[in-house]
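Step one of this worksheet: look at the structure below.
In our numbering, the protein residues as written are 347 to 535.
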């Protein structure tokens with residue numbers, strides 16, 4: 347499935363970045379800093395957004411606009427299955443390690459935002475097989491695919507703009523996930 351989506355995106359001349367360092371990171375920071383409507387992150391771990399710089403932006407923006415972060419439940423059978431497909435160096439295959447390193451930090455982030463009194467940050471867990479990660483920021487969607495023996499960070503980052511069929515597809519996917527995927531508030535674990 348991942349290869350079919352990649353081929354479709356490439357055949358439609360969808361812009362993309364290779365890798366996660368350099369310009370793709372600067373592009374993300376630019377989108378986050380200028381966000382004025384909403385931010386939604388959906389993925390396997392979303393641990394990338396726990397860097398100090400991005401956390402600062404999330405804390406600030408959570409007072410201005412809705413921010414939703416959706417990550418795979420630590421004990422999910424889908425996490426185990428996904429990590430069987432990832433390279434051996436993928437580090438979040440162990441649920442306890444994931445809770446100690448990622449979930450705890452997200453709970454701390456939520457607490458910091460809530461302490462400011464006007465937080466619009468929501469963090470949820472899901473329990474189904476992920477095939478892509480999404481960064482939805484205002485009128486831009488960045489998509490990362492999860493492939494066989496590839497981490498999400500190995501994927502090209504496809505950049506989609508509002509007004510295209512591909513944008514509409516991924517927007518409908520993230521809206522459906524937010525609306526009907528039986529999301530679990532992070533505070534409950």
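All residues carry an ideal CB built from backbone N, CA and C; glycine is no exception.
Everything numeric in this text was worked out from a predicted model, so none of it was measured.
{"Item": "CA-CA distance, residue 364 and residue 391?", "Value": "20 Å"}
{"Item": "Measure the alpha-carbon distance for residue 480 versus residue 507 and round it to whole angstroms.", "Value": "13 Å"}
{"Item": "Am I right that residue 388 and residue 523 are in contact with their C-beta atoms under 8 Å? What's the rounded C-beta distance?", "Value": "6 Å"}
{"Item": "Let me know the secondary structure DSSP gives residue 501 once reduced to three states.", "Value": "coil"}
{"Item": "Can you pull the DSSP bridge partners for residue 468?", "Value": "414"}
{"Item": "Out of curiosity, what's the CA-to-CA distance linking residue 511 and residue 362?", "Value": "16 Å"}
{"Item": "What residues are listed by DSSP as bridge partners for residue 344?", "Value": "Because the chain is modelled from 347 through 535, residue 344 falls outside the range shown and cannot be assessed."}
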